[in-house]
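**Q** My questions all concern the structure below.
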Amino acid sequence: MSISFTKLFLTTFKISAVTFGGGYTIVPILRDAFVNKYPLMDDEEMINLIAIAQSSPGAMAVNTSILIGYKAHKIKGALTTAVATVLPPLIIITAISFAYQLFATNPWIQAALIGMRGSITAVMAYAVFNMGRNVLQQKKRFGLIVMIGSFILGYFHFLPTALVILLSGFSGYAYFGLRRQIKGWW
Amino acid sequence: MIYLQLFITFLQIGMFSFGGGYAVMPMIQRYIVEQRGWITFHQLADITSISQMTPGPIAINAATFVGVKVAGPLGGVVATIGSITPSFILLILLAYFFFRNSNLYYIQDILKGLRPAIVSLILIAAISLGGSAIFLETDFTIPWLQNLNYPAIVSALIALFLLIKYKVDSVIVIFSGALIGIIYHAITII
Numbered sequence: 085m086s087i088s089f090t091k092l093f094l095t096t097f098k099i100s101a102v103t104f105g106g107g108y109t110i111v112p113i114l115r116d117a118f119v120n121k122y123p124l125m126d127d128e129e130m131i132n133l134i135a136i137a138q139s140s141p142g143a144m145a146v147n148t149s150i151l152i153g154y155k156a157h158k159i160k161g162a163l164t165t166a167v168a169t170v171l172p173p174l175i176i177i178t179a180i181s182f183a184y185q186l187f188a189t190n191p192w193i194q195a196a197l198i199g200m201r202g203s204i205t206a207v208m209a210y211a212v213f214n215m216g217r218n219v220l221q222q223k224k225r226f227g228l229i230v231m232i233g234s235f236i237l238g239y240f241h242f243l244p245t246a247l248v249i250l251l252s253g254f255s256g257y258a259y260f261g262l263r264r265q266i267k268g269w270w
Numbered sequence: 583m584i585y586l587q588l589f590i591t592f593l594q595i596g597m598f599s600f601g602g603g604y605a606v607m608p609m610i611q612r613y614i615v616e617q618r619g620w621i622t623f624h625q626l627a628d629i630t631s632i633s634q635m636t637p638g639p640i641a642i643n644a645a646t647f648v649g650v651k652v653a654g655p656l657g658g659v660v661a662t663i664g665s666i667t668p669s670f671i672l673l674i675l676l677a678y679f680f681f682r683n684s685n686l687y688y689i690q691d692i693l694k695g696l697r698p699a700i701v702s703l704i705l706i707a708a709i710s711l712g713g714s715a716i717f718l719e720t721d722f723t724i725p726w727l728q729n730l731n732y733p734a735i736v737s738a739l740i741a742l743f744l745l746i747k748y749k750v751d752s753v754i755v756i757f758s759g760a761l762i763g764i765i766y767h768a769i770t771i772i
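Those protein sequence lines, which keep their order, are chains Y and H.
Per the numbering used here, the first sequence starts with residue 85, numbered consecutively.
Per the numbering used here, the second sequence starts with residue 583, numbered consecutively.
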């Protein structure tokens, strides 16, 4: 369950360089690398990190990488992954800010981006399927209710994402806490 | 000193950009466009569209873009460091607390509630990205068969096949999409 600084840096750098779309897009891809390829943690722990990442300000991609780095090598690891995540957009945007029109109108670049949007969607869908199956293996009924509930609240913009997270955390706290209390009484 | 100004301004933005993604745009409008006048509204719109075409979170892209415009490449670096510093510090504290106390039962209870919600949130992101990939226009009065973006659909199907059948590394899977897009474009212009 350990990974060298070089590998940590290169893996995060590579992922950050190819992941478009922002937000949660990068998360399943990080999971694929650090849960499946270099088993630094299991799925459950990965989801815990995502939850912590969401509860802090800033971009999900950077936050999740920082936590993965911290998990691997404490603060030095967190610095490594933070730099590795930020460097690709930093380099690319610096280059583009001098030649934006050229970039935005180049049909070959547009064609590559269209294809990548499709393949990233597939990577995300595949990860959601695996993570969902994993979550529903234990606590099936509760998990399904929270999953459907937070999907409806989030998808139709009834609540901002941060509040969906807060509410689901509270529901776990209330449900499992109460169950423990009731078991204690009997 | 311009570098210090950049650093502090983006530190402020980084501190309050909860929610990620486009949540940062109104902050940039207020601090960068209106208060400092470092970039124009038009340039802010440009950053938004660049962000959709390049990797990286929109907050980082915006910080780099503004920094470069104001003070050159070094300005881009300073602004970017400023924007991630608050979340870096907060996350280290949270991670320190979490890894020490993850055996506390109430933290476990909260996490049991969070896990299914996270799956749904990623699903929502996948649906909105998938929608923008598969359809050419958001105008649904167009007959849907004419509104499909075929290279993206082919890329998605091939990517799924590579993932399920051969468990190919996701970075390579994403690149396969770029290749398919380019090949498709090459075929259409011949």
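Every residue, glycine too, gets a C-beta built ideally from N, C-alpha and C.
Predicted model, so just to flag it, every value in this text is computed and none were measured.
(1) Anything in the stretch 150-165 of chain Y with a Cβ closer than 7 Å to a Cβ of chain H? List those residues in chain order, please.
(2) Taking C-beta to C-beta, are L711(H) and R115(Y) nearer than 8 Å?
(3) Exposed or buried, I131(Y), counting other C-beta atoms within 10 Å across all chains shown (16 or more means buried)?
(4) May I ask which residues mark the beginning and end of the alpha helix (DSSP H) holding A137(Y)?
(5) Can you list the alpha helix (DSSP H) stretches of 4 or more residues lying completely in the stretch 595-661 of chain H, in chain order?
(6) If the cut is a Cβ gap below 7 Å, which residues of chain H does D116(Y) touch?
(7) Quick one, which of Y210(Y), F182(Y), L171(Y), G268(Y) has its alpha-carbon nearest L744(H)'s?
(8) Note down, in chain order, all residues in the stretch 242-256 of chain Y with a beta-carbon under 9 Å from any beta-carbon belonging to chain H.
(9) Counting only the same chain and skipping the five closest in sequence on each side, list residues whose C-beta sits under 8 Å from that of F242(Y).
(10) So with CB distances below 8 Å, who are the chain Y contacts of H624(H)?
(11) Give the residues of chain Y in contact with M635(H), contact being defined as C-beta atoms less than 9 Å apart.
(12) Residues of chain H with a CB under 7 Å from the CB of T205(Y): which are they?
(13) Note down the Cα distance separating D751(H) from A117(Y), rounded to an integer number of angstroms.
(14) Exposed or buried, which one is K694(H) when buried takes at least 16 other CB atoms within 10 Å?
(15) Of the residues I754(H), G759(H), I632(H), Q617(H), which one's Cα is nearest the Cα of T189(Y)?
(16) Mapping DSSP to helix, strand and coil, what is L786(H)?
(17) Considering Cα atoms alone, identify which of A708(H), T630(H), I629(H), T591(H) is closest to L612(H).
(18) Would you verify that the beta carbon of P112(Y) is, or is not, closer than 8 Å to some beta carbon of chain H?
(19) Give a yes or no on whether 8 Å exceeds the smallest Cβ distance from P655(H) to chain Y.
(20) Taking DSSP's pairing of strands, which residues face F717(H) in a bridge?
(21) Quick one: is R697(H) buried, meaning 16 or more other Cβ sit within 10 Å of its Cβ, or exposed?
(22) Helix or strand or just coil, what does DSSP make of F240(Y)?
(23) From L133(Y) to A101(Y), what does the alpha carbon distance come to, in whole angstroms?
(24) Taking the alpha carbon of Q690(H) as the point to measure from, which residue in G161(Y), L220(Y), E129(Y) has its own alpha carbon closest?
(25) List the residues of chain Y that Y688(H) touches, going by C-beta distances under 8 Å, in chain order.
(26) In three-state terms, what does DSSP make of F670(H)?
(27) What residues match up with F104(Y) in a beta bridge as DSSP calls it?
**A** A quick look at the data gives this:
(1) Those would be I150, L151, Y154, I159, A162, in chain order.
(2) No; because the gap between Cβ atoms is not below 8 Å, this pair is not in contact.
(3) Taking all protein chains shown into account, I131(Y) has 16 or more neighbouring C-beta atoms within 10 Å of its C-beta and is therefore buried.
(4) Note, A137(Y): alpha helix (DSSP H), 127-138.
(5) Listed in chain order, they are 607-610, 623-635.
(6) One finds S752 in chain H with Cβ atoms closer than 7 Å to the Cβ of D116(Y), taken in chain order.
(7) Ranked by Cα distance from L744(H), the first of Y210(Y), F182(Y), L171(Y), G268(Y) is Y210(Y).
(8) Cβ contacts with chain H: P244, T245, A246, V248, I249, L251, S252, G253, F254, S255, G256.
(9) Closer than 8 Å at Cβ, skipping near neighbours: I236.
(10) Per Cβ cutoff of 8 Å: no residues; H624(H) is ~11 Å from chain Y at best.
(11) Those within 9 Å of M635(H) in chain Y are F104, I180, F187, A188, I193, Q194, L197.
(12) At a beta-carbon threshold of 7 Å, the residues of chain H lying near T205(Y) are A708, L711, G712, A715, A738, ordered along the chain.
(13) Going by C-alpha positions, D751(H) is about 8 Å away from A117(Y).
(14) Buried, because 16 or more other Cβ atoms sit within 10 Å of the Cβ of K694(H).
(15) That would be I632(H), whose Cα lies nearest to the Cα of T189(Y).
(16) Because chain H is modelled from 583 through 772, residue 786(H) falls outside the range shown and cannot be assessed.
(17) Here the sequence assigns Arg to residue 612(H), which means Leu is not the residue at that position. With distances taken between Cα atoms, R612(H) lies closest to T591(H).
(18) For P112(Y), the nearest beta carbon of chain H is closer than 8 Å to its own beta carbon.
(19) True, the Cβ-Cβ gap to chain Y drops below 8 Å.
(20) Per the DSSP secondary-structure output, F717(H) pairs in a beta bridge with L730(H).
(21) By the 16-neighbour rule on beta-carbons within 10 angstroms, R697(H) is buried.
(22) If DSSP states are grouped into helix, strand and coil, F240(Y) belongs with coil.
(23) Between L133(Y) and A101(Y), the C-alpha separation is close to 21 Å.
(24) Nearest of G161(Y), L220(Y), E129(Y) to Q690(H), Cα basis: E129(Y).
(25) Under the 8 Å cutoff, chain Y gives Y257, G261.
(26) Three-state DSSP puts F670(H) in a helix.
(27) Answer is P637(H).
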